[in-house]
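Student: Sharing a structure below in structure tokens format, with a few things to ask.
Chains as they are written, first to last, in my numbering: chain A, 2 to 339; chain B, 1135 to 1345.
As structure tokens, then:
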């Protein structure tokens, strides 16, 4: 069979399997979950197969890059079926953000800026959901906005998710009174600059088009001086750096940040300098915050996959190094041969 | 509609992931759709939020926007060779205003504040607090000081990196490498998170195999 024919057969098999799974889903079948024993067996099998690859490497038989991709895919996928949970220990910067919110008195206003878009949602959406949930749980007023066009939509999705919890729904929170979405405003860091003098000049209406003065929650919010704490959920520019430079250092805003893992290392300098009051970095940060807030959402769920993938990556780094050094030694030996 | 959108999402996700096998027409199609949709999206956002929202509708509230409009139009005269030189005026304004704005921001937040956070008392939690710092705090501040100093020495190229100076610079390299390693580790975590998000979509939203 030619390579092209094999590829077509593989593609056809994937389509057939997908259709079967989809029909199963539409038919109302529930999700598949591995028992603890099954999960341990699967983990052991993966570990053994990695050992086997190590042995093959030592013997001089190198594996192709596609095998690495398959392993990473398996390491990410299988934990999603497992019933195991990973224990997380909240780091000081996450505790700082959690404390900053929980120490606010009832009725305090929290401004959350959603400066990200759907591609960064796996990391930032769990943070958004748990932060909004915590605020609502503690009867804080939530004002949402976005410097990224898709940010306010992510805010609405997070609020929808939070309202799936009956404990929050039973509070009878009202839009415009207890929480509001001011929408997106173009202008990047200059929006923050203008908000320092007037929120209304930047958000004359909310996301739905309701005039600013008709929203009881923000009617009396003139500028940052009327905000008790701010959180910036950021995936790039404009984001936390701009909020620190303009809102914190010019207007004295108390700011906590939730960042993608790529960005987080750059933010520690602001944290150490006291410019940030709390930092939640990446998916691990999200799971730590969920742990503190006693809300086990997607951050916690994804963390097992994250850890598995890291173990596999580390294993392949070790295998790669073994291949490199053994290869180097062999080359050196070959060089000595007459 | 839900069925169509979820299948479309799965088709595009798998198409992009198929690049891991090898470059192929399915991937090319998905890549082209992604680039086209992104460009289209931003054109619409810029049109409605900047031109219509800020200028067409907003100019009545804020006459200062006329200045922006005139500068914007002047930028376009670059297309007319005879008067193209006029486009340098708005460009000069943008460069000057932006650098002035950012210079102040970076000077305050990224230089003065950071220098202040680096030069901390060694044995006290804060200035004038007495000898109240714990062992870890003292160690942490020593690490910050040594790391900053040796890192700066590494980037000082006016003197040859030899002897004690070279050793200090070499220590600086270690700190820089550790920083790069931390950033790389976080980047791996971030990229894995994106992959987990997509796999969750495929196995959960599309196939319903996971919760």
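By construction, the Cβ of each residue, glycine as well, lies at the ideal position given by its N, Cα and C atoms. Since we're looking at a predicted model, the values are computed, not measured.
Taking 8 Å as the cut-off, decide whether the C-beta atoms of residue 294(A) and residue 283(A) are in contact.
Tutor: no
Student: With a threshold of 8 Å between beta-carbons, can residue 250(A) be considered close to chain B, or not?
Tutor: Closer than 8 Å to some Cβ of chain B, the Cβ of residue 250(A) qualifies, so yes.
Student: May I have the straight-line CA-CA distance separating residue 134(A) from residue 182(A), to the nearest angstrom?
Tutor: Answer to the nearest angstrom: the Cα atoms are 15 Å apart.
Student: Name, please, each residue of chain B whose Cβ falls closer than 7 Å to the Cβ of residue 124(A).
Tutor: 1324, 1327
Student: Would you list, in chain order, the members of the stretch 1267-1289 of chain B that have their beta-carbon closer than 7 Å to a beta-carbon of chain A?
Tutor: none
Student: How is the beta strand (DSSP E) around residue 233(A) delimited, first residue to last?
Tutor: Where residue 233(A) is concerned, the enclosing beta strand (DSSP E) stretches over 230-235.
Student: Can you find the residues in the same chain that come closer than 6 Å, C-beta to C-beta, to residue 212(A), ignoring five residues on each side of it along the sequence?
Tutor: 206
Student: For residue 1190(B), is the classification buried or exposed, using 16 other Cβ atoms within 10 angstroms of its Cβ as the cut-off for buried?
Tutor: exposed
Student: I'd like the span of the beta strand (DSSP E) that includes residue 257(A), first residue to last.
Tutor: 256-260
Student: Mind checking if residue 265(A) is an interface residue toward chain E, Cβ cutoff 8 Å exclusive?
Tutor: Annotation note: the requested chain E is absent from the structure, which comprises protein chains A and B.
Student: Mind listing the chain B neighbours of residue 247(A)? Cutoff is C-beta to C-beta under 7 Å, in chain order.
Tutor: Those are 1239, listed as they occur along chain B.
Student: Taking all protein chains shown into account, do 16 or more other C-beta atoms lie within 10 angstroms of the C-beta of residue 141(A), making it buried, or fewer, making it exposed?
Tutor: buried
Student: As an exercise, report each continuous alpha helix (DSSP H) stretch of at least 4 residues that is fully enclosed by the stretch 1171-1211 of chain B, in chain order.
Tutor: 1199-1210
Student: Give me the DSSP bridge partner(s) of residue 35(A).
Tutor: 83(A)
Student: So if I threshold CB-CB distances at 8 Å, which residues from the stretch 1307-1319 of chain B count as touching chain A?
Tutor: So the close ones are 1313, 1316, 1317.
Student: Measuring only between beta-carbons, confirm whether residue 319(A) sits less than 8 Å from chain B.
Tutor: no
Student: Report the three-state DSSP secondary structure of residue 103(A) (helix, strand or coil).
Tutor: helix
Student: Could you pull out every residue in the same chain whose Cβ sits closer than 6 Å to the Cβ of residue 102(A), ignoring the five residues on either side in sequence?
Tutor: 135
Student: Using a Cβ-Cβ cutoff of less than 6 Å, which residues in the same chain neighbour residue 249(A) once the five nearest sequence positions on both sides are dropped?
Tutor: 256, 276
Student: Determine the closest residue to residue 76(A) out of 38(A), 327(A), 315(A), with distance taken between C-alpha atoms.
Tutor: 315(A)
Student: Answer yes if the stretch 161-169 of chain A comes into contact with the stretch 214-224 of chain A, meaning at least three C-beta pairs across the two stretches below 8 Å, and no otherwise.
Tutor: no
Student: At a Cβ cut of 9 Å, what residues of the stretch 1170-1190 of chain B count as close to chain A, listed as they run along the chain?
Tutor: 1175, 1176, 1179, 1180, 1183, 1184, 1187, 1188
Student: Would residue 81(A) pass as an interface residue toward chain B - the criterion being a Cβ-Cβ separation below 8 Å?
Tutor: yes
Student: Which of helix, strand or coil does DSSP assign to residue 211(A)?
Tutor: Residue 211(A) falls in the coil class under three-state DSSP.
Student: Could you check if residue 137(A) is buried or exposed, using at least 16 other CB atoms within 10 Å of its CB as the buried criterion?
Tutor: buried
Student: Any idea what DSSP makes of residue 90(A), helix, strand or coil?
Tutor: coil
Student: What's the call for residue 1314(B), buried or exposed, on a 16-neighbour Cβ count within 10 Å?
Tutor: Burial call: exposed.
Student: Could you confirm whether any beta carbon from chain B is found closer than 8 Å to the beta carbon of residue 91(A)?
Tutor: no
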